[in-house]
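What follows is a single structure, written as C-alpha cells, with notes after it.
Rendered as C-alpha cells:
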C-alpha cells in the first residue's frame, strides 16, 4: 500500500494533480473529435507547406493513423481551434479522416501564440527566415527577452541573435534564403556587411557562381578590409593635368590612350591598335610629330 501511495504522489507531481485529471480528462488526455469541428490556427507562423511532403504524410496517416495527437483549444461546445500540429491537420484532411486524436488545452490568445510558435520552431522544418520571424514575434508579441526565449526553445542566446540578424538583410536576400538559394552560413556572413548594396552584390555573385560559405566569408572579409579583388583604378588617381594629357593624346592618335603614373612620378603610356593597318596609321602620326 505504501508503494501505491508513493506512485500516486509521483503521478501528481508529473501532471499537476491526479484528481484534477480525473475531473477534467479533456485537458490532459487524448480525445477524438470530428475534423470538421476544428478550425485552423490564425497565429500559425508557417506560411508555406510542401505539397509533396504533405501528401507523403497523408499516405503515412492512411496506413498508420496519427501517432502524435493535435493540440487544440475549445472555443465552444461544438468547435475547436488548432494550437499546434498544422501539418498533421492538413495531411489528415488530405487523407480523408473524419476524426482526429487531439489534446484539448485551455489557452488565451497570447499563450496560444506562444505554444504555436515554440512548437513550430522545435518540431517543424522551418526555413531560417521563418524561424527568425517566429523568434521576433515571441519577443514583440509575447514580450519575451532573448534570455527567456532561449530557455523556452532550448537554444543558445547567440543562436537566437544570429537568426534575428537575418531580418535586417534586404528583402531579396531573405527571399533567397526562403527559396533555399542561400544557406544559413552564407546569410550569417552577409549580415557582417553594413552596406545593403554590397550585400546584394555578393548575394547575386553567390547565386550565379554557386559560391561556398567559405568563399562568401572570404569576400566579406576582403570587402570589410578594403581589399576588393579586381578593383579598377579610378580616374581621380591621376592628377588633373595628366588626365588632360591622356585626353589630348587620345584625340591626337584617334584611339583610347591609357596613361598610368605612380606617386613617385614613374609611369607608362599605352597606345592600343586594332590591326596592322591601324598600327601603320599611328606610326605615321608619330612620324609627322618628329618631322
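In this note's numbering, the protein residues as written are 1 to 291. Cβ atoms here follow ideal geometry from the backbone N, Cα and C, with glycine treated the same way. Here the structure is a predicted model, which is why all the values come from computation and not from measurement.
Alpha-carbon spacing of residue i relative to residue j, whole angstroms
i           : j           : result
residue 210 : residue 221 : 18 Å
residue 169 : residue 191 : 7 Å
residue 284 : residue 185 : 60 Å
residue 70  : residue 86  : 8 Å
residue 273 : residue 264 : 29 Å
residue 49  : residue 154 : 25 Å
residue 193 : residue 151 : 30 Å
residue 281 : residue 245 : 20 Å
residue 164 : residue 177 : 14 Å
residue 117 : residue 84  : 9 Å
residue 39  : residue 179 : 28 Å
residue 218 : residue 73  : 50 Å
residue 41  : residue 223 : 45 Å
residue 205 : residue 182 : 11 Å
residue 261 : residue 137 : 57 Å
residue 293 : residue 134 : Any property of residue 293 remains undetermined from this structure, which presents the chain solely from 1 to 291.
residue 92  : residue 226 : 56 Å
residue 161 : residue 56  : 34 Å
residue 81  : residue 207 : 41 Å
residue 271 : residue 257 : 5 Å
residue 250 : residue 203 : 38 Å
residue 275 : residue 216 : 42 Å
residue 109 : residue 214 : 43 Å
residue 231 : residue 130 : Bear in mind that the predicted position of residue 231 carries a pLDDT of just 46, short of 50, making it unreliable; the figure below should be weighed with that in mind. In a straight line, the C-alpha of residue 231 is about 37 Å away from that of residue 130.
residue 201 : residue 259 : 30 Å
Span of the alpha helix (DSSP H) around residue i
i           : result
residue 72  : Careful: residue 72 lies outside any alpha helix (DSSP H), inside the beta strand (DSSP E) at 70-76.
residue 245 : 240-253
residue 203 : 196-209
residue 182 : Careful: residue 182 lies outside any alpha helix (DSSP H) and carries neither H nor E.
residue 273 : Segment: none, residue 273 is in no alpha helix (DSSP H) and carries neither H nor E.
residue 62  : 51-64
residue 93  : 86-95
residue 159 : 157-165
residue 219 : 213-224
residue 153 : 146-153
Buried versus exposed call for residue i [16 or more other C-beta atoms within 10 Å across all chains shown]
i           : result
residue 248 : exposed
residue 267 : exposed
residue 199 : buried
residue 33  : buried
residue 102 : buried
residue 269 : exposed
residue 120 : buried
residue 24  : Its pLDDT being 37, under 50, residue 24 is placed unreliably by the model, and nothing is read from it.
residue 228 : Note that residue 228 scores 47 on pLDDT, short of 50, meaning its location in the model is unreliable; the coordinates nonetheless yield the value given after this. With fewer than 16 Cβ atoms within 10 Å of its Cβ, residue 228 is classed as exposed.
residue 157 : exposed
residue 348 : This structure gives no information on residue 348, because the portion of the chain shown stretches from 1 to 291.
residue 53  : exposed
residue 167 : exposed
residue 114 : buried
residue 128 : buried
residue 104 : buried
Residue i: first and last residue of the uninterrupted beta strand (DSSP E) it sits in
i           : result
residue 104 : 99-105
Bridge-paired residues (DSSP) for residue i
i           : result
residue 260 : 268
residue 338 : The shown model of the chain, from 1 to 291, leaves out residue 338, and the question about it has no answer.
residue 38  : 80
Chain D within 9 Å of residue i, Cβ atoms only
i           : result
residue 277 : Of the protein chains in the structure, only one exists, and it is not chain D.
Exercise for the section: Indicate whether the contact test is met: 3 or more Cβ pairs, each with one atom in the region 90-110 and one in the region 56-63, closer than 8 Å. Expected result: Judged by Cβ distances under 8 Å, the region 90-110 makes contact with the region 56-63, as three or more pairs qualify.
### Message
Under 8 Å, with one C-beta from each stretch per pair, do the region 170-185 and the region 137-148 reach the 3-pair mark?
### Response
No, because fewer than three Cβ pairs between the region 170-185 and the region 137-148 fall closer than 8 Å, the two stretches do not touch.
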